[in-house]
Amino acid sequence: MFRYYLKLGWLSIRSNPLLSLLMVAAIAVGIGASMTTITVNYTMSNNPIPQKSDQLFYVQLDNWDPNSDPEDGFEPPDQVTYTDAMALMNAGKAFRQVASNRSGLVLEPENPDERPFMVDTRNTWADFFPMFETPFLYGGGWDDNADKNLEQVVVLSREINEQVFGGEDSVGKSVRLNGMDFRVVGVLDEWLPMPKFYDVTNNPFDVPEEIFIPFNVAVEYELPRNGNTNCWKPSDGDGFEAFKASECVWIQFWAELRNESEKQEYMQFLNAYVEEQKTLGRFPRPLNNRLDDVMEWMEHEEIVEEDARVMMGLSLLFLVVCLLNTIGLLLAKFMRKTGDISVRRALGARKSDLFTQHMIEAGMIGLGGGVLGVGLTLLGLKGIEVLFGEFVENLVGMDWVMVMTAIGLAILSALLAGLYPTWQTVRIMPASQLKTQ
Amino acid sequence: MLRFENISMVYRTDSVETHALREFTLDVEEGEFVAVTGPSGSGKTTFLNIAGLLERFTGGRYLLDGKDVSSLSDAETSRVRNEKIGFVFQGFNLIPDLNIYDNVDVPLRYRGFNGAERKRRIESTLETVGLTSRMKHLPSQLSGGQQQRVAIARALAGNPRFLLADEPTGNLDSKMAMSIMELINSINMSGTTIIMVTHDDNLASMANRNVHIRDGRVSDSSANPQLAEVATA
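Which chain is which? The protein sequence lines are A and B, in order. 322 is the number that our numbering gives to position 338 of the first sequence; each next residue is one higher, with no gaps. 129 is the number that our numbering gives to position 53 of the second sequence; each next residue is one higher, with no gaps.
Laid out in structure tokens, this is it:
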């Protein structure tokens, strides 16, 4: 009977194309508006590394100002100092650990005819690549010795490798950054963690950096920093050495802890470290170290912005308004079919048969609305991109999950909208209609 | 086979009660052709609707094949209608979006027949009414007489025991009306019980029995005198 009902639904839709089109349009507009905001929220709240997000922990140490406004809840700063980052790295208490920060350097192409250009870089450690499971197209990451020995090595993104080396295997070749030569040890494949969880202090919806270089090399040669730096008191002196020794936070620190036991041990280690630092006059506030896994950290940093949530709520309300319109239109459509329905009742159709038939018709209208709604969603996302520019470039794509969600939501919406009109329709007393036909 | 015992039907609004049928009692035997006549508003159509289980009555008892059908569920009533009763209406009541073949197919779908069985029955009944060549036509492409033939084919496709006809020739000219009546007669001759509501005495005279309704009651029920004369001669 399902195929029969599909046929009847199609005939009914075709018999009144204008009314059907209005219903499809009403659902499509509602779906387009709501799915645009749902997609943005979905991308914002996406788990960027689901296979191990519960084993990666962002470290916060509370070295902050004891006289800061209590209304901030004495939240520890969202980055760590150079002193603490190096202490934690050197201790090596976690299964893997990474201190990193963002930077920007000038890349000088080999060909003298090509002009130098700026590249986004990340200063990091060997563990970065296995810890965040970065995919490699060629070669791999550097090893611990490279970190220790200040080797001038780099890992390139696929995009920059295409730009500089035409996409060829560039492992072993050299790139010149800020006047220093670096040997390529690896080229990443496509890698777009969204949000860019490993550093949300800069734009969390940005693409990963183009070049990765050893943190120690960047510090040794005082390569410029490009990320956020926050200080609660001035450095004791001028110059980079004084900055390194200051209470300024500018480094993101991640630890890979494979189970609860490792997490507890690491927290004990952090607490012991801070207690020790307190004896040296640092960490004036009460002990308040934090270990948040990836999703906890995303939540803590409010990656899904409040505005986006409000917009999603409003767009869902708009969908409800569209559905109310659809209910009215469906009621008008179905009420015009009372003669048809009465005849079917006389010929042996049960109320449940007619209910199913009309719900399938409503579902088909929903399907049409869903398909058109996906188109409108893509248009809406494009509009957001045009409006807000590159900041949201990576937020405004629809994957298959969202496409299917849009269509599913449209069908569900149409079925909900169809409930009342269908119920009213099948309640008609057939006798009253058959004589007046 | 059809027994109506003291059936009453009252339509109520906030302030008015209308008695469509009062203590309506009638038996219809297997294979009969009963013509129901009476003035407008006498209750003819209400009786036919109750007989076809399209309306629930407010009092009395209705036995169909010896079974009390007054308290059947919607699904049971629908099944009885589908399997035992065929309807022919004055306005034909064909579904305009469906072609002739699909119109006749409607009751068979609800019966649950497979495709081959449905095809066999549709072709057979359309042949009976002489419309095999019009299977793919829409109702709007047929004359009134042809549409009524399709309606009869649809009523017969499920091989019902009873055919209920409400003014089946009311929208047709006299020539077409006679053609339809001949078809109905032949259906009755093949064993189908027919109850036909009409206001036309000439058509009523073609039935075995005439039942006259007045003010919601059976005022007269007698064998057709013409047929009785023929039988006597």
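We put the CB at the ideal spot given by N, CA and C, even for glycine. Since the model is a prediction, treat every value here as computed from it, not as a measurement.
Residues near residue i in its chain [Cβ-Cβ closer than 7 Å; skip 5 each side]
i: Asn247 (chain B); result: Gln166, Gly167 and Gly220
i: Ala110 (chain A); result: Gly125, Trp126, Asp127, Asp128, Ala130 and Asp131
i: Arg230 (chain B); result: Asn179, Val180, Val182 and Pro183
i: Met282 (chain B); result: Met257 and Asn261
i: Val258 (chain A); result: Leu45, Phe267, Leu271 and Asn273
i: Thr201 (chain B); result: Val180, Ala229, Leu232 and Ala233
i: Arg121 (chain A); result: Just to set this straight, residue 121 (chain A) is Leu in the shown sequence, not Arg. Answer for Leu121 (chain A): Arg142, Val171, Leu172 and Asp173, listed in chain order.
i: Gln341 (chain A); result: Tyr(-11) and Leu(-8)
i: Asp173 (chain B); result: none
i: Glu231 (chain A); result: Asn47, Thr65, Cys215, Trp216 and Lys217
i: Tyr87 (chain B); result: Thr94 and Ala96
Among the options, nearest to residue i - alpha-carbon criterion
i: Phe102 (chain A); options: A:Asn255, A:Asn162 and A:Arg142; result: According to the sequence shown, residue 102 (chain A) is Met rather than Phe. Met102 (chain A) has its Cα closest to that of A:Asn162, out of A:Asn255, A:Asn162 and A:Arg142.
i: Ala96 (chain B); options: B:Phe109, B:Gly114 and B:Asn284; result: B:Gly114
i: Leu218 (chain B); options: B:Thr122, B:Leu148, B:Leu78 and B:Ile171; result: B:Ile171
i: Leu2 (chain A); options: A:Thr389, A:Ile349, A:Pro198 and A:Phe79; result: A:Ile349
i: Glu310 (chain B); options: B:Asp141, B:Ala253 and B:Asn235; result: Outside the shown range of chain B, which is 77 to 309, sits residue 310 (chain B), and nothing can be said about it.
i: Gly359 (chain A); options: A:Ile391, A:Val385, A:Gly332 and A:Thr340; result: A:Ile391
i: Arg411 (chain A); options: B:Glu131, B:Ala227, B:His213 and B:Asn235; result: B:Glu131
i: Thr153 (chain B); options: A:Val304, A:Leu331 and A:Gln147; result: A:Leu331
i: Gly14 (chain A); options: A:Ile235, A:Trp238, A:Glu280 and A:Cys306; result: A:Cys306
i: Thr389 (chain A); options: A:Leu121, A:Thr361, A:Ala256 and A:Pro60; result: A:Thr361
i: Ile271 (chain B); options: B:Val112, B:Ser84, B:Thr121 and B:Glu81; result: B:Val112
i: Phe189 (chain A); options: A:Asn30, A:Asn243, A:Gln261 and A:Glu345; result: A:Asn30
i: Ser216 (chain B); options: B:Tyr138, B:Ile176, B:Ser146 and B:Thr134; result: B:Ile176
i: Glu81 (chain B); options: B:Thr89, B:Tyr87, B:Glu108 and B:Val145; result: B:Val145
i: Val203 (chain A); options: A:Asn212, A:Glu225 and A:Glu249; result: A:Glu225
i: Glu206 (chain A); options: A:Met413, A:Ser87 and A:Glu283; result: A:Ser87
i: Met382 (chain A); options: A:Asn25, A:Arg328, A:Asn0 and A:Gln81; result: A:Asn25
i: Ser313 (chain A); options: A:Asn0, A:Phe(-14) and A:Trp(-6); result: The sequence as given places Leu at residue 313 (chain A); Ser does not occur at that position. Cα-wise, what sits closest to Leu313 (chain A) is A:Asn0.
i: Met413 (chain A); options: A:Ile368, A:Ser37 and A:Thr322; result: A:Thr322
i: Gly16 (chain A); options: A:Asp68, A:Gly357 and A:Leu399; result: A:Gly357
i: Ser84 (chain A); options: A:Glu98, A:Thr65, A:Pro96 and A:Ala78; result: A:Thr65
i: Asp183 (chain A); options: A:Tyr42, A:Leu72 and A:Glu98; result: A:Tyr42
i: Asp249 (chain B); options: B:Asp276, B:Arg79 and B:Leu129; result: B:Asp276
Contact set between residue i and chain A, taken where Cβ atoms lie within less than 8 Å
i: Glu131 (chain B); result: Met413 and Ala415
i: Asn286 (chain B); result: Near Asn286 (chain B) there are no residues of chain A at all, since even the closest Cβ is about 22 Å away, more than 8 Å.
i: Gly246 (chain B); result: None at all; the shortest Cβ gap to chain A is about 11 Å.
i: Gly267 (chain B); result: Within chain A, no residue comes near Gly267 (chain B); the closest Cβ sits about 21 Å away, beyond 8 Å.
i: Gly142 (chain B); result: Simply none; closest approach about 21 Å.
Within chain A, partners of residue i - CB distance below 7 Å
i: Phe109 (chain B); result: Under the 7 Å cutoff, chain A gives no residues; its nearest Cβ is about 21 Å from Phe109 (chain B).
i: Arg157 (chain B); result: Ala330 and Gly332
i: Gly114 (chain B); result: Neighbours of Gly114 (chain B) on chain A: none; closest Cβ ~15 Å, over 7 Å.
i: Asn125 (chain B); result: Ala415
i: Ser154 (chain B); result: Gly332, Ala333 and Arg334
Proximal residues of chain A, C-beta to C-beta of residue i below 9 Å
i: Phe163 (chain B); result: Val327, Ala330, Leu331 and Leu418
i: Asp150 (chain B); result: Arg334, Lys335 and Ser336
i: Asn182 (chain B); result: Checking the sequence, you will find Val at residue 182 (chain B) rather than Asn. Per Cβ cutoff of 9 Å: Val327, Arg328, Leu331, Gly332 and Ala333.
i: Ala262 (chain B); result: In the sequence as presented, Ala is not what sits at residue 262 (chain B); that position holds Ser. Per Cβ cutoff of 9 Å: no residues; Ser262 (chain B) is ~22 Å from chain A at best.
i: Gly220 (chain B); result: None at all; the shortest Cβ gap to chain A is about 13 Å.
i: Gly206 (chain B); result: Here the premise fails: no neighbours, minimum Cβ distance about 22 Å.
is_contact[residue i, chain E] using C-beta, thresh 8 Å
i: Gly(-7) (chain A); result: The question asks about chain E, but that chain is absent: this structure's protein chains are A and B.
Proximal residues to residue i (C-beta, below 6 Å), its chain only, five neighbours per side dropped
i: Pro50 (chain A); result: Pro268 and Arg269
i: Ala309 (chain B); result: The predicted model places Ala309 (chain B) with a pLDDT of 45, which falls under 50 and marks its position as unreliable; any figure quoted below should be read in that light. Closer than 6 Å at the Cβ level, and outside the excluded window around Ala309 (chain B), lies no residue.
i: Phe113 (chain A); result: Gly125
i: Phe181 (chain A); result: Pro32 and Val278
i: Gln421 (chain A); result: For Gln421 (chain A), the pLDDT reaches just 46, beneath the cut-off of 50, and the residue's location in the model is therefore unreliable, although a value from the coordinates is still provided. Here the set comprises Gly323.
Chain-ordered neighbours of residue i on chain B, where CB pairs are closer than 8 Å
i: Met(-15) (chain A); result: Arg185
i: Gly352 (chain A); result: The premise fails here: Gly352 (chain A) is roughly 18 Å from chain B at the closest Cβ pair, so nothing lies under 8 Å.
Partner residues on chain B for residue i, Cβ-Cβ distance less than 9 Å
i: Ser(-1) (chain A); result: Pro172 and Asp173
Other residues of its chain near residue i: CB distance less than 8 Å, five sequence neighbours each side excluded
i: Trp407 (chain A); result: Phe339
i: Gly354 (chain A); result: Ile11, Ala12, Ile15, Ala390, Ile391, Gly392, Leu393, Ala394 and Ile395
In DSSP terms, what residue i is bridged to
i: Pro208 (chain A); result: In the DSSP output, where bridge partners are listed per residue, Pro208 (chain A) has none listed.
i: His275 (chain B); result: None; His275 (chain B) has no bridge partner.
i: Gly88 (chain A); result: A:Asp104
i: Glu81 (chain B); result: B:Arg137
Contact set between residue i and chain B, taken where Cβ atoms lie within less than 7 Å
i: Asp324 (chain A); result: Ile171
i: Tyr(-12) (chain A); result: Arg185
Going along the chain, which unbroken runs of the beta strand (DSSP E) with 3 or more residues stay wholly within the region 116 to 189 of chain A? Qualifying beta strand (DSSP E) stretches, in chain order: 120 to 123, 137 to 140, 158 to 161 and 164 to 172.
Return the chain-ordered ranges of every beta strand (DSSP E) run that is complete within the region 119 to 168 of chain B and spans a minimum of 3 residues. Within the region 119 to 168 of chain B, the complete beta strand (DSSP E) segments of 3 residues or longer fall at 135 to 140 and 161 to 164, listed in chain order.
Ranges of the alpha helix (DSSP H) found wholly within the region 174 to 254 of chain B, counting only runs of at least 4: If only complete runs of 4 or more residues are kept, the region 174 to 254 of chain B shows the alpha helix (DSSP H) at 176 to 187, 191 to 204 and 220 to 233, in order along the chain.
4 or more residues per run - each alpha helix (DSSP H) lying fully within the region 277 to 356 of chain A: If we require 4 residues or more, the alpha helix (DSSP H) runs fully inside the region 277 to 356 of chain A come out as 278 to 284, 290 to 319 and 322 to 330.
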